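Numbering (our numbering), first residue to last: 4 to 333.
Note that CB positions come from ideal geometry on N, CA and C, so glycine has one too.
Bear in mind that the values here come from a model prediction, so they are computed numbers and not experimental data.
I have placed the structure first, in the form of structure tokens, so that the comments after it can refer back to it.
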Amino acid sequence: MKHNVKITIVLLIMFVITQFIGLAVLKADIFHNEIIHVNGTVQQVSNPQLSWIQPPEIKSNQGFFTIFPSLIIAFAIAIALLFLLTKFKIEFILKGWFFVVVCLALFLAFYAFGKLIPWAINSTTAIIIPLVLSLSLGFFKIFKRNFLVHNFTELLIYPGIATVFVPILNIYTIIILLILISIYDIWAVWHSGIMQKMAKYQIDKLKIFSGFFVPYISKSVREKIKRLKKKKSKLKGKKIPVNLAILGGGDIIFPLITAGIIMKTFEDSLFFGVGGLLPAIFVIAGATLGLTYLFFFAEKKKFYPAMPFITSGIFLGIILSYTLKHLGIL
């Protein structure tokens with residue numbers, strides 16, 4: 004087992020909470036507003052407040068496959084840029100990049116919460132409050148390095164990012180993307196070691212990490228500290244080894260994007276009136292199962308690519324959803 008049971012459970016709980024926050028944020032559909040006509044019909048129109056970031060409207064499978072190569076190229080360029088900036092240690096650009104992405108993602112998540120509240124707020128407030136919250140939290144996360152702020156914002160960042168990617172992917176393109184990401188993860192962790200180097204640089208030098216991290220001390224170290232306290236030995240100046248349990252951002256965002264796409268795909272489902280929520284939960288459950296398997300069977304001080312395990316669980320959730328649909332249950 005890679006970490007102790009308590010730390011493993013904490014990571015899994017944060018993972019699941021992020022997925023469900025993401026489903027709520029995606030359900031808010033921030034890029035559209037509803038107009039109710041006098042005859043009772045409801046029309047969806049583009050949200051003018053977010054026109055500057057609104058993803059393209061795609062209506063056919065051909066449209067999804069048309070934009071997919073551009074998306075892959077964009078991912079490849081982003082990874083290459085991150086690697087180069089890390090290699091040449093251009094820290095101020097990296098911090099600026101992280102700050103912009105974090106603030107943007109937080110802004111979209113907070114904006115969605117504004118749409119979800121059961122009372123109306125005016126358009127100016129709907130922009131100002133998310134903007135102030137996202138800039139404030141983004142500043143403390145990137146430049147002040149607070150453990151609680153970091154993990155709290157991680158719960159919201161990935162839901163915000165998912166709002167941009169879910170509309171431009173469908174079930175076929177996300178399956179291809181999951182396979183490609185899993186292959187890359189295997190290569191980056193087990194063969195090239197790039198993932199470990201980038202994570203180490205982010206944590207040690209930038210004081211930033213994309214994902215959850217939970218520092219803890221081992222049982223033997225805790226017992227040693229207790230013995231020193233009993234002997235009234237001074238702890239000041241003594242080095243205490245701290246373990247770090249981490250879960251990368253990619254391992255969090257891709258299950259969420261897939262769950263969002265499944266929820267969109269099954270939105271016409273009449274199962275208990277919850278639409279595509281149940282199939283999305285199947286995907287989250289499958290991803291959590293794959294991640295749990297990895298955590299419990301991984302060895303200490305060894306690095307593992309999480310995406311192959313998570314992707315396997317996601318596929319189980321997708322297969323279950325389509326099986327129930329074929330049987331007429333969904």
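Under 7 Å between C-beta atoms of residue i and residue j
i      : j      : result
Lys118 : Ala191 : no
Phe306 : Gln205 : no
Gly214 : Leu250 : yes
Thr3   : Phe67  : Since the first and last residues shown for the chain are 4 and 333, residue 3 lies out of range.
Ile160 : Ala108 : yes
Gln22  : Ile313 : no
Ile10  : Val217 : yes
Gly2   : Val169 : Residue 2 is absent from the model: the chain starts at 4 and stops at 333.
Ala115 : Ile33  : yes
Asn36  : Asn50  : yes
Ile178 : Ile256 : no
Buried versus exposed call for residue i [16 or more other C-beta atoms within 10 Å across all chains shown]
i      : result
Ser324 : buried
Ala83  : exposed
Lys203 : exposed
Ala112 : buried
Thr417 : Outside the displayed span of the chain (4 to 333) sits residue 417, for which this structure offers no information.
Ala290 : buried
From the options, residue whose alpha carbon lies closest to that of residue i
i      : options                        : result
Ile2   : Gly278, Ile255, Asp254         : The displayed coordinates of the chain run from 4 to 333. Any statement about residue 2 would go beyond what the structure contains.
Trp100 : Asn125, Thr314, Ala123, Phe146 : Phe146
Val135 : Lys98, Phe110, Phe116          : Phe110
Ile182 : Glu37, Ile130, Thr261, Thr268  : Thr261
Thr69  : Leu172, Lys304, Ser185         : Leu172
Val245 : Phe142, Tyr219, Leu151         : Tyr219
Ile174 : Pro282, Asn42, Phe18           : Pro282
Leu247 : Gly253, Phe212, Gly263, Asp271 : Phe212
Residue i - containing beta strand (DSSP E), residue span
i      : result
Asn246 : 246-251
Val217 : 214-219
Residue i - containing alpha helix (DSSP H), residue span
i      : result
Val41  : Here Val41 belongs to no alpha helix (DSSP H), and DSSP marks it neither H nor E.
Ser139 : 126-142
Val45  : It is not in any alpha helix (DSSP H) - Val45 instead sits in the beta strand (DSSP E) that spans 45-49.
Pro72  : 64-90
Pro282 : 280-300
Ala309 : No alpha helix (DSSP H) contains Ala309, which DSSP labels as neither H nor E.
Met4   : Run containing Met4: none; DSSP gives neither H nor E here.
Ile96  : 94-119
Near the ligand ZN: residue i beta-carbon under 6 Å from a heavy atom
i      : result
Pro258 : Among the components of this structure there are no ligands whatsoever, and the ligand ZN is therefore not found.
Validate contact between the stretch 4-13 and the stretch 87-106 using beta carbons, cut 8 Å, 3 pairs
no
May I ask you to verify whether the stretch 310-328 touches the stretch 20-38, counting CB pairs closer than 8 Å and requiring at least 3?
no
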